[in-house]
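Beneath this line is the structure, given in structure tokens, with notes to follow.
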DNA sequence: GAGTGGTCTAGACCACGAG
DNA sequence: TCGTGGTCTAGACCACTCA
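Put into structure tokens, the structure is as follows:
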């Protein structure tokens with residue numbers, strides 16, 4: 001496609017090969033950018049631009065002041081539409097660890113529309129940050145009207161489920177879950193929190209769940225780094241023949 | 247969040263303001279990068295880095311040899327899960343124009359799994375490229391087993407629907423549509439085709455539709471630029487009370 | 001303080017688009 | 001051919017991490 005392949009892509013390809021062939025192992029730091037630049041005989045600018053390609057692919061994580069870290073093979077997480085839980089693809093490996101910060105606040109801006117509540121009404125925010133090993137993995141902000149919010153949410157747990165399960169147990173049965181999915185670059189705050197480059201795409205899911213009366217019982221803003229998450233949705237066009245399970 | 251805001255963000259913010267306040271109008275070219283660099287008293291490198299922020303937001307489209315073009319306000323397109331059609335949010339404005347290239351090929355790689363057909367079996371590919379005005383908008387590759395593929399697909403049409411409708415009329419009624427959604431940077435080919443930077447996130451949707459017998463009648467690989475498309479999914483948890491409409 | 005990445009400069013040279 | 005953006009250089013200086 002490119003008649004004159006740019007040096008940064010040549011270098012990126014080379015480093016990618018070294019990683020995929022195991023010459024550089026996951027969890028290790030690459031040589032410093034200065035060293036790599038001289039090894040490839042390019043300027044630091046060009047070398048950094050090569051690394052940014054790998055960063056955009058999620059292969060490498062930069063940590064300011066420490067180095068360029070080869071990430072563990074992205075364990076993709078499956079977000080299942082409608083189910084309101086994350087599910088790790090290979091639960092055999094180290095589970096995600098989730099920390100939760102609970103905040104009481106008043107509905108404002110976008111929240112008013114999402115939850116369908118009056119402005120300034122009481123809302124509880126659950127800020128969930130999940131980690132995979134030492135690397136931040138994903139971010140969720142879950143909003144629940146105060147009168148529906150549980151009081152004893154654990155602030156830390158080993159697996160995403162337990163937090164969301166706690167929420168699930170305490171809310172009325174859901175009737176409908178609507179999800180809006182978009183791909184965008186992370187905001188600077190999100191990039192800093194998740195320690196990803198602003199070049200890496202994220203999957204932003206806005207989820208609104210309502211009960212049988214049509215009342216919105218939960219709104220969630222999920223931020224899943226694109227290299228580590230897929231979302232799956234199934235639409236059934238045989239409503240009268242569907243089996244009971246799901 | 248940043249104690250020392252970087253110049254590129256300051257510049258990006260300023261240009262963004264000029265665009266959003268109408269000081270620079272959609273469809274116009276920005277001054278050349280050299281001019282902008284001297285106006286902001288920064289190096290061309292820094293200025294380009296500022297523009298790349300706006301490019302990542304989809305506000306600006308770079309065209310090599312011509313300039314930096316202020317894109318029309320992204321008209322977001324809604325992809326509705328399960329429906330197998332794109333729907334423009336404001337059909338009042340100029341409709342999307344879709345060109346289709348039909349190719350006969352043999353199933354290979356990923357296609358074999360998606361379609362559930364033997365290797366090298368006959369498959370028809372519909373390569374759909376939609377345009378919004380002069381800018382490429384989105385890309386779809388639709389694969390149909392040869393024996394189900396229609397023969398008279400128009401190669402160009404005014405609206406996405408007509409192509410997909412043609413396909414829809416000729417295939418058996420769908421029973422289930424499964425969709426996998428992920429966010430990733432575009433491949434170099436996709437970036438070139440859609441004339442977007444490789445920094446702009448895309449929404450990649452893999453759709454597999456099967457009929458009542460479980461046979462896969464269509465697989466589609468959709469590439470929707472993140473700044474111009476959202477995907478919506480609705481999950482109904484009241485299977486026995488659902489109304490017939492949708 | 002030593003070493004790392006982050007930002008930025010002031011250019012050079014190449015590739016593309018249009019006349 | 002001219003003006004545009006694309007790539008790259010060889011540094012400088014700042015911010016962060018860790019000992």
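Residue numbers (this note's numbering), protein chains in the order written: chain Y, 1 to 246; chain H, 247 to 492. We put the beta carbon where it would ideally sit given N, CA and C, even for glycine.
Grouping DSSP H, G and I as helix and E and B as strand, with all else coil, what is residue i?
| i | result |
| --- | --- |
| residue 299 of chain H | helix |
| residue 481 of chain H | strand |
| residue 394 of chain H | helix |
| residue 108 of chain Y | coil |
| residue 262 of chain Y | Residue 262 of chain Y is absent from the structure shown; chain Y starts at 1 and stops at 246. |
| residue 21 of chain Y | coil |
| residue 470 of chain H | strand |
| residue 309 of chain H | strand |
| residue 444 of chain H | coil |
| residue 46 of chain Y | helix |
| residue 463 of chain H | strand |
| residue 99 of chain Y | strand |
| residue 117 of chain Y | coil |
| residue 420 of chain H | strand |
| residue 36 of chain Y | helix |
| residue 162 of chain Y | Residue confidence for residue 162 of chain Y is low, a pLDDT of 49 falling below 50, so the modelled location carries little weight and cannot support an answer. |
| residue 253 of chain H | helix |
| residue 298 of chain Y | Because chain Y spans 1 through 246 in this model, residue 298 of chain Y falls outside it and cannot be assessed. |
| residue 258 of chain H | helix |
| residue 122 of chain Y | strand |
| residue 439 of chain H | helix |
| residue 188 of chain Y | helix |
| residue 204 of chain Y | strand |
| residue 141 of chain Y | strand |
| residue 272 of chain H | coil |
| residue 287 of chain H | coil |
| residue 212 of chain Y | coil |
Check this for me: beta carbons of residue i and residue j, under 9 Å apart or not?
| i | j | result |
| --- | --- | --- |
| residue 432 of chain H | residue 382 of chain H | no |
| residue 449 of chain H | residue 427 of chain H | yes |
| residue 283 of chain H | residue 261 of chain H | no |
| residue 110 of chain Y | residue 120 of chain Y | no |
| residue 22 of chain Y | residue 72 of chain Y | no |
| residue 179 of chain Y | residue 233 of chain Y | yes |
| residue 114 of chain Y | residue 67 of chain Y | no |
| residue 128 of chain Y | residue 112 of chain Y | no |
| residue 57 of chain Y | residue 69 of chain Y | no |
| residue 222 of chain Y | residue 140 of chain Y | yes |
| residue 176 of chain Y | residue 482 of chain H | yes |
| residue 191 of chain Y | residue 429 of chain H | no |
| residue 270 of chain H | residue 441 of chain H | no |
By Cβ distance, which residues of its chain are closer than 7 Å to residue i, with the 5 residues on each side in sequence left out?
| i | result |
| --- | --- |
| residue 338 of chain H | In this predicted model, residue 338 of chain H has a pLDDT of only 36, less than 50, meaning its place in the structure is not dependable; the value taken from the coordinates is given anyway. Cβ within range, chain order: n/a, list empty. |
| residue 231 of chain Y | 79, 81, 181, 203, 205 |
| residue 46 of chain Y | 7, 8 |
| residue 52 of chain Y | 197, 199 |
| residue 48 of chain Y | 33 |
| residue 213 of chain Y | none |
| residue 300 of chain H | 258, 261, 262, 306 |
| residue 19 of chain Y | 59, 70 |
Please tell me whether, using a cut-off of 8 Å, the distance from the CB of residue i to the nearest non-hydrogen atom of the ligand ATP is below it.
| i | result |
| --- | --- |
| residue 447 of chain H | In the structure shown, the ligand ATP is absent, as is every other ligand, since no ligand is present at all. |
Could you pull out every residue in the same chain whose Cβ sits closer than 6 Å to the Cβ of residue i, ignoring the five residues on either side in sequence?
| i | result |
| --- | --- |
| residue 124 of chain Y | 104, 144, 146, 149 |
| residue 257 of chain H | 286, 296 |
| residue 288 of chain H | 253 |
| residue 101 of chain Y | 127 |
| residue 408 of chain H | For residue 408 of chain H, the predicted model reports a pLDDT of 49, less than 50, meaning its position is unreliable and no value from the coordinates is stated. |
Near residue i, what residues of its chain come up, given a Cβ to Cβ distance below 8 Å and the 5 sequence neighbours on each side ignored?
| i | result |
| --- | --- |
| residue 34 of chain Y | 44 |
| residue 116 of chain Y | 215, 216 |
| residue 439 of chain H | 375, 382, 385 |
| residue 354 of chain H | 365, 366 |
| residue 251 of chain H | none |
Original post:
Are there three or more Cβ pairs, one per stretch, closer than 8 Å when the stretch 218-225 of chain Y is compared with the stretch 190-209 of chain Y?
Top reply: Proximity of the stretch 218-225 of chain Y to the stretch 190-209 of chain Y meets the contact definition, three or more beta-carbon pairs being nearer than 8 Å.
Original post:
the stretch 172-191 of chain Y: which residues have C-beta closer than 8 Å to a C-beta of chain H, in chain order?
Top reply: From the stretch 172-191 of chain Y, only 173, 174, 175, 176, 177, 178, 179, 180, 181, 182, 183, 184, 185, 188, 189 have a Cβ closer than 8 Å to chain H.
**OP:** Could you run through the stretch 38-53 of chain Y and flag, in chain order, every residue whose CB is less than 7 Å away from some CB of chain H?
**Re:** Against chain H - using a Cβ distance shorter than 7 Å - the stretch 38-53 of chain Y contributes no residues.
**OP:** With 9 Å as the C-beta to C-beta threshold (strictly closer), list the residues of the stretch 192-204 of chain Y near chain H in chain order.
**Re:** Those would be 192, 198, 199, 200, 201, 202, 203, 204, in chain order.
**OP:** Using a Cβ-Cβ cut-off of less than 9 Å, list which residues of the stretch 210-235 of chain Y approach chain H; keep chain order.
**Re:** So the list reads 212, 224, 225, 226, 227, 229, 230, 231, 232, 233, 234, 235, given in the order they occur along the chain.
**OP:** Can you give me, in chain order, the residues of the stretch 54-80 of chain Y that have a beta carbon less than 7 Å from any beta carbon in chain H?
**Re:** Under the 7 Å Cβ criterion, the stretch 54-80 of chain Y contributes 56.
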